[in-house]
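In my numbering, the protein residues as written are 3 to 189.
Note that CB positions come from ideal geometry on N, CA and C, so glycine has one too.
Nothing here was measured: the structure is a model prediction, and the numbers come from that model.
Structure first, then comments.
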């Protein structure tokens with residue numbers, strides 16, 4: 003059972019819970035548990051069954067695809083208010099993970115376990131969230147004035163990312179032919 007503070011944080015970061023029918027809201031609140039995860043904790047690994055739907059309230063998790071060489075290709079990060087698309091896919095398709103989730107910064111999260119009756123709750127929550135998304139929701143972040151993205155901004159952040167992640171950008175660029183992209187293709 004969630005404390006009032008945790009419940010308020012959950013509703014702030016995941017407002018779609020407000021839109022669930024009252025019985026489902028009650029079930030989420032009664033069956034969810036708060037978890038604390040330290041840095042470098044493996045949240046899920048390749049080949050693992052999906053046992054939880056985790057909704058971060060603080061911290062961050064990076065989702066990576068391990069390579070045979072031992073390196074990792076960063077796919078995305080999960081922060082408060084985000085859903086892990088890989089977890090969503092695994093839950094809805096009853097599949098195993100094909101990537102790894104590693105805690106970057108200490109995570110406080112609300113977790114729904116996938117016991118049979120709880121899985122339906124998580125599925126309904128996810129479907130409700132995605133059913134209400136519009137094209138405007140996907141584009142909103144790019145249209146905010148404080149996120150004005152220029153080619154210079156992209157170059158600077160790619161360089162920063164390259165510095166922080168020891169050459170992963172070069173590996174990604176090797177897959178794509180950069181000459182096909184023109185300045186008009188940039189947002």
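Inter-residue spacing [alpha-carbon to alpha-carbon] between residue 93 and residue 52: Locating residue 93 in the chain shown gives position 91, where the first residue counts as 1. Locating residue 52 in the chain shown gives position 50, where the first residue counts as 1. If I take the Cα positions, the gap works out to 6 Å.
Quickly, what does DSSP pair residue 111 with across the bridge? List them, please. Position 109 of the chain shown, counted from the start, is the residue given in the question as residue 111. Residue 111 is bridged to 37, 58.
If you reduce the DSSP assignment to three classes, tell me which class residue 78 lands in. Taking the first residue of the chain shown as 1, we reach residue 78 at position 76. Note: residue 78 maps to strand in three-state DSSP.
Closest by C-alpha distance to residue 23, when choosing among 162, 127, 132: Here the question's residue 23 lines up with position 21 in the chain shown. Cα-wise, what sits closest to residue 23 is 127.
Could you have a look at residue 135 and say whether DSSP puts it in helix, strand or coil? Position 133 of the chain shown holds residue 135. Residue state, collapsed to three classes: coil.
Starting from the C-beta of residue 13, find all residues in its chain whose C-beta is less than 8 Å away, skip the five residues before and the five after it, and write them out in chain order. Taking the chain shown and counting its residues from 1, one reaches residue 13 at position 11. 19, 20.
Closer than 8 Å is the cut-off here; do at least three beta carbon pairs connect the region 63-70 with the region 5-12? no
Is the region 79-91 touching the region 37-44 in the sense that three or more CB pairs, one from each, lie closer than 8 Å? In short, these stretches do not touch, since the Cβ pair count stays below three.
Less than 7 Å between C-beta atoms, sequence neighbours within five positions excluded: which residues of the same chain meet that for residue 69? Walking along the chain shown from the start, residue 69 turns up at place 67. Only 75 meet the Cβ criterion.
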